[in-house]
Amino acid sequence: MEIDIIELSDDKARFVLKGVNPAVANGLRKSMLSEVPTMAIDYINIYDNTSVLFDEQLGLRMGLIPIITDLDSYVLPEECDCQGEGCTKCQLTLTLSAEGPSMVYSGDIQSSDPNVSAADKKIPIVELKERQKLVLEAVAKLGTGRKHVKYQAGVACGYKNMPVFTFDKDCDACGKCVEECPREILSIESNAVIVKDPLQCILCKLCVDACDINAITVDEDVSTYVFTAESDGSYPARELVIQGADTIIEKARELNEILESIE
Ligand SMILES: [Zn+2]
């Protein structure tokens, strides 16, 4: 297995994964979407709410605010020593107190742990008018995307096979394929068609259709994948991919233990 990083920022990773089969590539994609433990607000105690939002709407909105996740300090409630009752190892208390006129943002939520707070401080929660108040306490826990979408750290995780271009010797460099390509990745140099950036190809094969003499073929390399993974902010994109792979390893280890126990 080989990995070439194309782009890496806090919220987005693009990389080429070589030498794996579709099961591994799809396993990694699904793991990032539904298996990586992520912190999210699970329930709220409302002490005062005279805003225009009903308590339930407020709860739904706050649940979807991405929270920075720290797996070194917190464990999943079902794996905690307290057996899910709730303790400082498996849950975090947050508070929100605001009075109008003002716009309440995710950044106004105060966390009892300085390392774990709203990932994006500018998510609007509700606009308070004169004399409107909002006072609440929220409890955040770890969960997985499989249980609820609010625990989904990977928001746009997908891949395509690496495109492979072949130009026949009959190619007369007429340029029709160059004009047709919506991504403008083809060009003519020294009387031959060249592919400037194959990673931008979306495998639409319009270039193949445009060629009158069938001189182009675009195939897919079935063991090479161009991956894109975006994080909701709970993890840096790099950490999301690592956690996705770690989760698969952990599940394989658990399966191995079960198989060994029934021998
Ligand atoms: Zn606990």
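Following this note's numbering, the numbering of the sequence shown begins with 21 at its first residue and continues without gaps.
Cβ atoms here follow ideal geometry from the backbone N, Cα and C, with glycine treated the same way.
Would you say residue i and residue j are within 7 Å of each other, going by their C-beta atoms?
i: K161; j: Q103; result: no
i: C221; j: P256; result: no
i: V56; j: T267; result: yes
i: Q130; j: S71; result: no
i: M21; j: G47; result: no
i: A193; j: V213; result: yes
i: A173; j: S254; result: yes
i: V155; j: D68; result: yes
i: E240; j: N181; result: yes
i: V261; j: A33; result: yes
i: F187; j: V238; result: no
i: L148; j: S132; result: no
i: C224; j: C197; result: no
i: C191; j: A235; result: yes
i: E37; j: Y245; result: The displayed chain sequence assigns Leu, not Glu, to residue 37. Yes, these two residues count as a Cβ contact at 7 Å.
Taking all protein chains shown into account, do 16 or more other C-beta atoms lie within 10 angstroms of the C-beta of residue i, making it buried, or fewer, making it exposed?
i: D252; result: buried
i: E204; result: exposed
i: K170; result: buried
i: L116; result: buried
i: A43; result: exposed
i: S29; result: exposed
i: C137; result: Note that residue 137 is Ser in the sequence shown, not Cys. Under this definition S137 is a buried residue.
i: E280; result: exposed
i: T108; result: exposed
i: F35; result: buried
i: P86; result: buried
i: V242; result: exposed
i: Q77; result: exposed
i: L206; result: buried
Taking 8 Å as the cut-off, does the stretch 144 to 162 touch the stretch 57 to 77 (at least 3 CB pairs, one atom from each stretch)?
With a cut-off of 8 Å, the stretch 144 to 162 and the stretch 57 to 77 count as touching, because enough Cβ pairs lie within range.
Relative to ligand 1, what is the chain-ordered list of residues with a Cβ closer than 5 Å to any of its non-hydrogen atoms?
Selection output, chain order preserved: C100, C102, C107, K109 and C110.
Within 8 Å, do at least three Cβ pairs link the stretch 48 to 56 to the stretch 255 to 272?
With a cut-off of 8 Å, the stretch 48 to 56 and the stretch 255 to 272 count as touching, because enough Cβ pairs lie within range.
Segments of 3+ residues assigned as beta strand (DSSP E) that fall wholly inside the stretch 144 to 226:
Counting whole runs of 3 or more residues, the stretch 144 to 226 contains the beta strand (DSSP E) stretches 144 to 148, 153 to 163, 178 to 187, 206 to 209 and 212 to 215.
Are three or more beta carbon pairs between the stretch 115 to 129 and the stretch 172 to 192 nearer than 8 Å?
With the cut-off at 8 Å, the stretch 115 to 129 and the stretch 172 to 192 do not touch.
At 3 residues or longer, what runs of the beta strand (DSSP E) sit wholly inside the stretch 52 to 91?
Runs of the beta strand (DSSP E) inside the stretch 52 to 91: 58 to 69.
Are the stretch 22 to 30 and the stretch 131 to 151 touching by the rule of at least three beta carbon pairs closer than 8 Å?
The stretch 22 to 30 and the stretch 131 to 151 do not touch, with fewer than 3 CB-CB distances between them shorter than 8 Å.
Hey, which unbroken runs of the alpha helix (DSSP H) at 4 residues or more fall wholly within the stretch 91 to 146?
Inside the stretch 91 to 146, DSSP marks no whole alpha helix (DSSP H) run of 4 or more residues.
At what residue ranges does the stretch 227 to 265 contain a whole run of the alpha helix (DSSP H), taking only runs of 4 or more?
The alpha helix (DSSP H) runs of length 4 or more contained entirely in the stretch 227 to 265 do not exist; there are none.
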